[in-house]
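Below: the structure, in structure tokens.
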């Protein structure tokens, strides 16, 4: 347990927190450390019923929490599994179960066990995609999903430290066979990342330092843009003139569009840069499309963004906005 972790979690010592526990070494170690730090913790586990060991892992998490004397809730994903995009669907279901529980139980913070190796792998994957500043900032320590604060206390802790702690203390954990499947880009990067240090002298710590510097730059830019974005959001939709996106430098327009879709769609992250660039190009003329759980529509000079499935009548939204503005003036 390192000092950066301790400093980070101390800020949550006076509030109840939920922690996602899969049964793998990262989340099992995080759970033990949070309990040692005296936090008011509830463990949440989602059984996706996708692997033969799923039931065994769920039973282990329940038994572990009983031994640690902390509450544990197991959720079962019994929905029909999609033929494609299974990994993304499983992730969405996992977050939905856990954030719904947080809402129902008045818990504002959900802790996730992403650690330093995940951070570096995400950075390198995004670098390979040609991501912009947001993507190269990789995994953020604090984000929001479905109105719940998602906190990652282990981003400065390497998996080797977590494994060493669990092994030294004879703490059982499970290994996911997908972690060795090189058909996944992340696994390929994981197995070859050592070459950056051995061949080029680019160490893991240097990569983490670069991510921290990029994150600070992104935060500085985001702070100014967020206030601009919030000014065109009304209830659960955004409505604005095309000049909002096109009378500013292109990178600002992209950032505004990404943040609007993130907020309206209730997403943890913004869409990828190439998706935003394509969307911004489409919005130069009348169009209607979906992106990031949102429907985006342009008609004449106005652009509307609503949650996917909501009505997209710009005329009705204008009428609603006029009533809202009139009510505000009367108050």
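Numbering (my numbering), first residue to last: 107 to 437.
Glycine is no exception: its CB is placed at the ideal position from the N, C-alpha and C atoms.
Delimiting residues of the beta strand (DSSP E) encompassing residue i
{"i": "residue 113", "result": "Note, residue 113: premise wrong, no beta strand (DSSP E); alpha helix (DSSP H) at 109 to 116."}
{"i": "residue 343", "result": "343 to 347"}
{"i": "residue 402", "result": "400 to 405"}
{"i": "residue 134", "result": "It is not in any beta strand (DSSP E) - residue 134 instead sits in the alpha helix (DSSP H) that spans 131 to 142."}
{"i": "residue 127", "result": "Run containing residue 127: none; DSSP gives neither H nor E here."}
{"i": "residue 228", "result": "Element bounds for residue 228: not the beta strand (DSSP E) but the alpha helix (DSSP H), 222 to 235."}
Contacts around residue i, its chain only, beta-carbon distance under 8 Å, and the 5 residues preceding and following it disregarded
{"i": "residue 267", "result": "108"}
{"i": "residue 205", "result": "216, 251, 252, 253 and 254"}
{"i": "residue 342", "result": "370, 412, 413 and 416"}
{"i": "residue 192", "result": "156"}
{"i": "residue 55", "result": "Beyond the ends of the chain as shown, which are 107 and 437, falls residue 55; an answer cannot be given."}
{"i": "residue 418", "result": "394, 401, 403, 410 and 412"}
{"i": "residue 202", "result": "252"}
Cβ neighbours of residue i in the same chain (closer than 7 Å, five flanking residues each side left out)
{"i": "residue 261", "result": "220, 221, 222, 225, 245 and 247"}
{"i": "residue 388", "result": "395"}
{"i": "residue 269", "result": "131"}
{"i": "residue 141", "result": "147, 174 and 176"}
{"i": "residue 352", "result": "359"}
{"i": "residue 324", "result": "239, 240 and 243"}
Opening and closing residue of the alpha helix (DSSP H) in which residue i lies
{"i": "residue 294", "result": "291 to 298"}
{"i": "residue 397", "result": "Run containing residue 397: none in the alpha helix (DSSP H); it sits in the beta strand (DSSP E), 393 to 397."}
{"i": "residue 379", "result": "379 to 388"}
{"i": "residue 205", "result": "192 to 210"}
{"i": "residue 162", "result": "160 to 174"}
{"i": "residue 240", "result": "239 to 242"}
{"i": "residue 273", "result": "265 to 274"}
{"i": "residue 368", "result": "356 to 371"}
Beta-carbon contacts of residue i that lie in its chain and below 6 Å, excluding the five residues immediately before and after
{"i": "residue 404", "result": "389, 392 and 393"}
{"i": "residue 182", "result": "153"}
{"i": "residue 195", "result": "188"}
{"i": "residue 110", "result": "262"}
{"i": "residue 258", "result": "218, 220 and 247"}
{"i": "residue 379", "result": "237 and 238"}
{"i": "residue 94", "result": "Here the chain covers residues 107 to 437 and nothing more, so residue 94 does not appear."}
{"i": "residue 212", "result": "none"}
{"i": "residue 303", "result": "309"}
{"i": "residue 167", "result": "127, 129 and 151"}
{"i": "residue 249", "result": "256 and 374"}
Which residues DSSP lists as bridging residue i, in chain order
{"i": "residue 153", "result": "182"}
{"i": "residue 413", "result": "400"}
{"i": "residue 248", "result": "257"}
{"i": "residue 280", "result": "130"}
{"i": "residue 340", "result": "343"}
{"i": "residue 147", "result": "123"}
{"i": "residue 215", "result": "123 and 255"}
{"i": "residue 408", "result": "347 and 405"}
Inter-residue CB distance, residue i and residue j (contact presumed, cutoff 8 Å)
{"i": "residue 124", "j": "residue 208", "result": "6 Å"}
{"i": "residue 360", "j": "residue 382", "result": "5 Å"}
{"i": "residue 321", "j": "residue 243", "result": "4 Å"}
{"i": "residue 292", "j": "residue 227", "result": "5 Å"}
{"i": "residue 375", "j": "residue 430", "result": "Contact doesn't hold; Cβ gap of about 29 Å is too wide."}
{"i": "residue 199", "j": "residue 180", "result": "Between residue 180 and residue 199 the Cβ distance is about 14 Å, and since that is not below 8 Å, they are no contact."}
{"i": "residue 272", "j": "residue 135", "result": "5 Å"}
{"i": "residue 373", "j": "residue 398", "result": "5 Å"}
{"i": "residue 377", "j": "residue 364", "result": "6 Å"}
{"i": "residue 308", "j": "residue 229", "result": "Contact flag wrong, Cβ pair sits at about 11 Å."}
{"i": "residue 129", "j": "residue 279", "result": "7 Å"}
*Is the number of C-beta pairs between the stretch 181 to 195 and the stretch 142 to 159 that are closer than 8 Å three or more?*
yes
*At a cut of 8 Å, does the stretch 136 to 148 reach the stretch 285 to 297 through at least three beta carbon pairs?*
no
_Would the stretch 357 to 372 count as touching the stretch 322 to 336 if we require 3 or more Cβ pairs under 8 Å?_
yes
*Three or more beta-carbon pairs under 8 Å between the stretch 407 to 416 and the stretch 340 to 357, yes or no?*
yes
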